[in-house]
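Numbering (the numbering used here), first residue to last: 386 to 1135.
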């Protein structure tokens, strides 16, 4: 819904220009100098919006899509300090554990590789599972609990080189920042419109193309080539297009001896993302958008048996990933206070992995095969109605139809035969609905309350999930917030359809497995120090229940809370529990006066319990983490039109936990024997990484260029990934994550 006649003021040094938006909320400010500018939006009856340090370049027009909240006017209210609005979540129904991720900040983060998931690893309570991927471990939860959304609809994992079933990350994002708009990232007590998430939500938005001029961009770097184009279809229409294509190979890094993927088959990926926006006079606005991605990697076995030193020399693996998402959205106002948005999505994601081994006669034997394909149709529709400045309701439904073709086999080395884990084709359905209400008692106090419902047709399981949140402004600069929610997540379909042989008959023991559930409780305090700096502290507690655990587990270690991807045909029961609790602190200064910083810290515990066993640490219970991210910009040139930037990021956390190897027993047996009595009592050494980046942007009269160099792990520290038993040495050895990784890019905008 548009807000008419807003006063828009742009400030930069001596430049100060104000314009009034038209009746549709559109505005244009001409002759803005290049460099950083501040933009202010004011109109009677709405809370002001202030944006700081917006980067204006000569190669691209700046397009801002701003939402404004109607003011609650009462005589006794306070005036809240005008904090920079890029710090607030875009979804106004959120109360706690949510932060807006701006695309500009993503491009600044040292070694962020323009990847939203790598960027938020600097946020409090958020860690990476390893250096090679961008999976997110949030508050000690398994990465499997993550939800990805695009344009308001759930989508498959939008990353290259995923780890298969249930994986929420990959080697690199398949989405370019050239097409992304500012988005929300959430870490707990999500509003009622979000379902199928336990640990976090990434609510991605795509921007519209420029409606006034055609613009192009080209980038080349060590990761490959990127091309993008956007603009209006014609001068007589507000319809626009935006398209971005990337082709990437790690061959250049491999040529200088940097092994990113741990294999000798060079990883290759390509992706295409797009959005076509077509507004109409009376029928609303239509948007066609999508993402296509393809990637492959692997490693080869050593065919010369005389060169074999380790058992791994005999093994080979190939992996191929595919993703295709096509969405059609329709937005239409229904009067001045109501709108309806409907989105239909088709999503296909595929994952194929084959592993084999050679014997001493060079005969090749397949030992693992995964061939999984999902074709899913989703339709989502919701209505939003504002009764007045105090009351807003939103209600929606989602229907999804997943079609699947699943095959997973692995070798039983005891019998020398391939055993089927899952082999099934078919379809299922799921239905979700929600409703939520926001009431603003005053400018000081507002609350959000709602309910989410999920029904999974494959086994008839359902979940009813109440949600609530509140915010109270104590003074002009101090506020407290609270949030509560019940949340659930459906397991990958392959878990339900996994099969085992029982009395000569193949059965599916997990067909009736229920959803894992969690209750989130969060209390937050925020102090806004000035328009660009804030201090935030959050306390949280998560009670996790109905966790799938193995019914026949004699070790007490098999819990869904301890793994991040994969499938199993073990008999699972919903008898496990877990809990996470901790405190997080964030001191955040957004870019102003030429510099920024964000300092975060977290102390937490992450526990699980299987029936009949004591409470144990989860695999991801690293207990503490901290990060420091900072950057500085200098303006250069006769008119201060060019920008030199330097950025640094330091990440430190406790090591993840593991099941130790019993060396004495392993030496007797000749293979690894694990000490399950001490499972997850020990941690790997602390994880520590320093990233740095430097960039230079030059603005010419009609085009601009930017060169950047980012160094991930600039100290070349080798963080421990895991341990293994080296039978040939009779010792326990460690294997490590990546060392120094340089990323050089050159981009031209015109």
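For every residue, glycine included, the Cβ atom is placed at its ideal position computed from N, Cα and C.
It should be emphasised that the depicted structure is a prediction, and the values quoted were computed from it without experimental measurement.
Going by DSSP, name the residue or residues bridged to residue i.
i            : result
residue 1130 : 606, 1093
residue 713  : 673, 729
residue 681  : 653, 705
residue 881  : In DSSP, residue 881 forms no bridge with anything.
residue 1057 : Residue 1057 pairs with nothing; no bridge assigned.
residue 868  : 854, 907
residue 776  : 824
residue 992  : 964, 1002
residue 1041 : For residue 1041, which the question treats as bridged, DSSP gives no partner whatsoever.
residue 740  : 702, 753
residue 787  : 761
residue 428  : None, per the DSSP bridge assignment.
residue 863  : 912
residue 1123 : None; residue 1123 has no bridge partner.
residue 533  : 587
residue 812  : 788
Under a Cβ-count criterion, where at least 16 other Cβ atoms within 10 Å of its own Cβ denotes burial, should residue i be classed as buried or exposed?
i            : result
residue 419  : buried
residue 461  : Per-residue confidence for residue 461 stands at a pLDDT of 44, beneath the threshold of 50, marking its modelled position as unreliable; no derived number is given.
residue 621  : exposed
residue 685  : exposed
residue 1130 : buried
residue 927  : buried
residue 891  : exposed
residue 1054 : exposed
residue 932  : buried
residue 403  : exposed
residue 587  : buried
residue 1120 : exposed
residue 541  : buried
residue 528  : buried
residue 1001 : buried
residue 1086 : exposed
residue 726  : buried
Just the Cα atoms here: how many angstroms apart are residue i and residue j?
i            : j            : result
residue 982  : residue 808  : 51 angstroms
residue 786  : residue 481  : 32 angstroms
residue 487  : residue 574  : 22 angstroms
residue 731  : residue 897  : 27 angstroms
residue 579  : residue 837  : 8 angstroms
residue 576  : residue 417  : 39 angstroms
residue 781  : residue 766  : 5 angstroms
residue 615  : residue 1021 : 29 angstroms
residue 1071 : residue 570  : 26 angstroms
residue 880  : residue 1093 : 44 angstroms
residue 512  : residue 1127 : 21 angstroms
residue 805  : residue 534  : 33 angstroms
residue 939  : residue 996  : 10 angstroms
residue 665  : residue 871  : 40 angstroms
residue 601  : residue 751  : 47 angstroms
residue 546  : residue 1108 : 23 angstroms
residue 763  : residue 833  : 27 angstroms
residue 744  : residue 1099 : 41 angstroms
residue 414  : residue 567  : 21 angstroms
Taking the beta strand (DSSP E) that residue i falls in, what are its first and last residues?
i            : result
residue 1103 : It is not in any beta strand (DSSP E) - residue 1103 carries neither H nor E in the DSSP assignment.
residue 771  : 749 to 771
residue 1052 : Unbroken run through residue 1052 is the alpha helix (DSSP H), 1048 to 1054; no beta strand (DSSP E).
residue 1036 : 1027 to 1038
residue 577  : Where residue 577 is concerned, there is no enclosing beta strand (DSSP E), given that its DSSP letter is neither H nor E.
residue 933  : 918 to 935
residue 592  : Taken as a continuous stretch (DSSP letters only), residue 592 belongs to no beta strand (DSSP E), as it is neither H nor E.
residue 1074 : 1072 to 1084
Under the assumption that residue i contacts residue j (Cβ atoms under 8 angstroms), give the Cβ distance between them as a whole number of angstroms.
i            : j            : result
residue 1134 : residue 1080 : Contact doesn't hold; Cβ gap of about 14 angstroms is too wide.
residue 457  : residue 774  : 5 angstroms
residue 626  : residue 594  : 5 angstroms
residue 784  : residue 816  : 6 angstroms
residue 1076 : residue 1034 : 5 angstroms
residue 1005 : residue 522  : 5 angstroms
residue 676  : residue 543  : 6 angstroms
residue 908  : residue 924  : 5 angstroms
residue 443  : residue 1084 : 4 angstroms
Kindly indicate the opening and closing residues of the alpha helix (DSSP H) around residue i.
i           : result
residue 487 : Careful: residue 487 lies outside any alpha helix (DSSP H) and carries neither H nor E.
residue 503 : 501 to 504
Does the CB of residue i have a neighbour CB from chain B at under 8 angstroms?
i           : result
residue 861 : Included in the structure is just one protein chain, with no chain B present.
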